[in-house]
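Structure record follows, encoded as structure tokens.
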Amino acid sequence: MTLYRQLLLFTMILGFLLFIGVWILKLQSTQQFLEHQLEAHAQDTATSLALSMSPLVAAEDFAGVETMMNAIYDRGYYKEITFSDIQGEVVSNRLASLEIDGVPNWFIQLLPLNAPGGTSLVMAGWKQAGNLYVESHPGFAYRSLWSTFAHITGYFLLTGFIVFITGSIALKYLLRPLRRVEEQAEAICRREYTIQEPLPRTRELKRVVTSMNKMTGRVQEMFEEQSLVAEKLRESAYRDPLTGLGNRRFLEAQIDGTMAGGDNVAKGVFLFAQIQELQILNEEKGYNAGDELLVRSAEIIYEILGSDIPHSIARLTGGDFGIFLPDADKADGEKVASELALRLTGLSSEVLSFSDNVCSVGGIYYNNPCSFKELLAKADTALAVSRHEGPNGWYLESADCDENQPLQGKLWWRENLELSLAERSINLYGQHVVKPGAPNVPLHMELYSRIT
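In this text, residue positions in the sequence shown follow my numbering: the first is 933, and each later residue adds one.
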């Protein structure tokens, strides 16, 4: 049960108890007053009637006595009028039943009125002729008591309804800051930070709201700090700090995410651009010159691709850049590769490189899904072909990826060469180089190796 309902229910219970107390006290006081009134009325009537009857009793005119008693009884204010002689025998009696119109029986039984009767001596001269007993009818008293009860109950119901409505509105207004505190907590779960203003006037609620506002501000600062740290970590994990491009992990995630489409990945191009002689540039002109060359190279690659071609660019390591073009075909790859080689070669005129051999570009185009390692290995092979063909060249070949076929990149060749050396499975073959016209005069010997 909500606090609002608890307070409202508690208020209504207090109001009901207050009504019961007022109702009981009011009815009891009215009941006592009416009983005293009935007793006094009966006694006054008995006294006056006895005095009026005395001459008739002395003259033994009992018919006149009956007439006088009927005149008083017929007015309806009396329940019983009894005249008895001195020996106690009833001479004349008038008795009415206790039936009251307009008052329910349960109310009469709930609040019985004890109305004592009035007695008076009837004299015949100087002698006692008998006793007169008069008891007032409680009907008028019950009607007055019932009217009082009905008015009190109606007043309470009306007052209770008004108090219920005004109390509901007042409680909603007073508890509104607590509702806003709840909304603040829910907003924090959604990473929304709201401050309650204006502050409530109630001291206790004001303290609660002030504390909640402080906590909200502090939580916001903590989340912003954590978000900033997380963003920096994400940047450091997936971004190259020098060029602003993605790193190897970023490119691998992009390729794996694209290839996760399965057979829907129909085609694509992967290019491997390598800045040549970067280590020599660092040694002779300093690392700042090498960094400047890498930054400028990254800018050129980004300019070539622009925003029209879907792509992912990353600096893999040193002067190696990986370029992934999903949904591109052979023609797209050749266009980008040739423009890369041309634009990067132009860096030699910007005094960024001391050599005319600025870059080599190798790449592959595929028609079935390939893993990142497969693309990298096959593009590395294409890059080796590009370097072999001459400076600032590019080479693009088709690649058919097969997960059962070992990758034949740099690492594969290195492992196989090291294994061949360790197993001594390399055979050397030699031949003499002779001088033209003098076949018997050797100039030197050429040696060839073969892995067996």
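Glycine is no exception: its CB is placed at the ideal position from the N, C-alpha and C atoms.
Whose C-alpha, out of the options, is nearest the C-alpha of residue i?
{"i": "residue 1378", "options": "1369, 1372, 1363, 1370", "result": "1363"}
{"i": "residue 1353", "options": "1329, 1369, 1382, 1333", "result": "1382"}
{"i": "residue 1277", "options": "1052, 1233, 1299", "result": "1233"}
{"i": "residue 1069", "options": "1085, 1094, 1256, 1033", "result": "1033"}
{"i": "residue 998", "options": "975, 1024, 1067, 1122", "result": "1024"}
{"i": "residue 1231", "options": "1210, 1176, 1249, 1191", "result": "1176"}
{"i": "residue 1110", "options": "974, 1091, 1144", "result": "1144"}
{"i": "residue 1036", "options": "974, 1319, 1355, 1079", "result": "1079"}
{"i": "residue 1121", "options": "1096, 1094, 1155, 1130", "result": "1155"}
{"i": "residue 958", "options": "1058, 1084, 985", "result": "1084"}
{"i": "residue 1098", "options": "1209, 940, 1226", "result": "940"}
{"i": "residue 1020", "options": "1058, 1065, 976", "result": "1065"}
{"i": "residue 1322", "options": "1330, 1273, 1345, 1184", "result": "1273"}
{"i": "residue 1131", "options": "1146, 1240, 1123", "result": "1146"}
{"i": "residue 1138", "options": "1162, 1167, 1126, 1108", "result": "1108"}
{"i": "residue 1104", "options": "1047, 1311, 935", "result": "935"}
{"i": "residue 1081", "options": "1313, 1361, 955", "result": "955"}
Just mark residue i as buried or exposed, buried being the case when its beta carbon has 16 or more other beta carbons within 10 Å.
{"i": "residue 1326", "result": "buried"}
{"i": "residue 1243", "result": "buried"}
{"i": "residue 1001", "result": "buried"}
{"i": "residue 1247", "result": "buried"}
{"i": "residue 1357", "result": "exposed"}
{"i": "residue 1294", "result": "buried"}
{"i": "residue 1158", "result": "exposed"}
{"i": "residue 1116", "result": "buried"}
{"i": "residue 1172", "result": "buried"}
{"i": "residue 1254", "result": "buried"}
{"i": "residue 973", "result": "buried"}
{"i": "residue 1093", "result": "exposed"}
{"i": "residue 1259", "result": "exposed"}
{"i": "residue 1351", "result": "exposed"}
{"i": "residue 922", "result": "Any answer about residue 922 is impossible in this case: the structure gives the chain only from 933 up to 1384."}
{"i": "residue 1179", "result": "buried"}
{"i": "residue 1309", "result": "buried"}
Tell me the residue span of the beta strand (DSSP E) that contains residue i.
{"i": "residue 1121", "result": "Taken as a continuous stretch (DSSP letters only), residue 1121 belongs to no beta strand (DSSP E), being part of the alpha helix (DSSP H) at 1108-1121."}
{"i": "residue 1320", "result": "No beta strand (DSSP E) contains residue 1320, which is instead part of the alpha helix (DSSP H) from 1304-1321."}
{"i": "residue 1050", "result": "1050-1056"}
{"i": "residue 1293", "result": "1291-1298"}
{"i": "residue 1026", "result": "1022-1027"}
{"i": "residue 926", "result": "Residue 926 lies beyond the range of the chain shown here (933 to 1384); nothing can be said about it."}
{"i": "residue 1383", "result": "1370-1383"}
{"i": "residue 1255", "result": "1252-1258"}
{"i": "residue 1358", "result": "1358-1367"}
Assuming the contact rule is C-beta atoms closer than 8 Å, residue i and residue j should be a hit. Round their C-beta distance to whole Å, please.
{"i": "residue 1050", "j": "residue 978", "result": "4 Å"}
{"i": "residue 991", "j": "residue 1011", "result": "About 29 Å separates the two Cβ atoms, so there is no contact after all."}
{"i": "residue 1297", "j": "residue 1367", "result": "At roughly 49 Å, the Cβ-Cβ gap does not stay under 8 Å, so residue 1297 and residue 1367 are not in contact."}
{"i": "residue 1289", "j": "residue 1324", "result": "6 Å"}
{"i": "residue 962", "j": "residue 1077", "result": "6 Å"}
{"i": "residue 1134", "j": "residue 1106", "result": "7 Å"}
{"i": "residue 1009", "j": "residue 1040", "result": "At roughly 18 Å, the Cβ-Cβ gap does not stay under 8 Å, so residue 1009 and residue 1040 are not in contact."}
{"i": "residue 1265", "j": "residue 1203", "result": "7 Å"}
{"i": "residue 983", "j": "residue 1004", "result": "Wrong, their Cβ atoms sit about 13 Å apart, outside the cutoff."}
{"i": "residue 1279", "j": "residue 1228", "result": "6 Å"}
{"i": "residue 1256", "j": "residue 1212", "result": "About 29 Å separates the two Cβ atoms, so there is no contact after all."}
Less than 7 Å between C-beta atoms, sequence neighbours within five positions excluded: which residues of the same chain meet that for residue i?
{"i": "residue 1206", "result": "1251, 1252, 1291, 1292, 1315"}
{"i": "residue 1270", "result": "1326"}
{"i": "residue 947", "result": "1092, 1095"}
Between residue i and the rest of its own chain, which residues show a CB-CB distance below 8 Å, the 5 nearest in sequence each way excluded?
{"i": "residue 1223", "result": "1174"}
{"i": "residue 1181", "result": "1169, 1170"}
Only counting the same chain, and skipping five residues up and downstream in sequence, which positions put a Cβ closer than 6 Å to that of residue i?
{"i": "residue 1112", "result": "1128"}
{"i": "residue 951", "result": "1088"}
{"i": "residue 1302", "result": "1333"}
{"i": "residue 944", "result": "none"}
{"i": "residue 1359", "result": "1382, 1384"}
{"i": "residue 1184", "result": "1304"}
{"i": "residue 1018", "result": "1060, 1062"}
Determine the extent of the alpha helix (DSSP H) in which residue i is found, giving its start and end residues.
{"i": "residue 1268", "result": "1262-1277"}
{"i": "residue 1018", "result": "Counting along the chain, residue 1018 falls outside any alpha helix (DSSP H), and DSSP gives it neither H nor E."}
{"i": "residue 1236", "result": "1219-1237"}
{"i": "residue 1245", "result": "From DSSP, residue 1245 is part of no alpha helix (DSSP H) but of the beta strand (DSSP E) over 1244-1249."}
{"i": "residue 1183", "result": "1180-1191"}
{"i": "residue 991", "result": "Run containing residue 991: none; DSSP gives neither H nor E here."}
{"i": "residue 1131", "result": "Premise fails: residue 1131 is in no alpha helix (DSSP H) and is neither H nor E."}
{"i": "residue 1041", "result": "1037-1042"}
Is the beta carbon of residue i within less than 6 Å of some heavy atom of the ligand COA?
{"i": "residue 1246", "result": "No copy of the ligand COA appears in this structure; indeed no ligand is present at all."}
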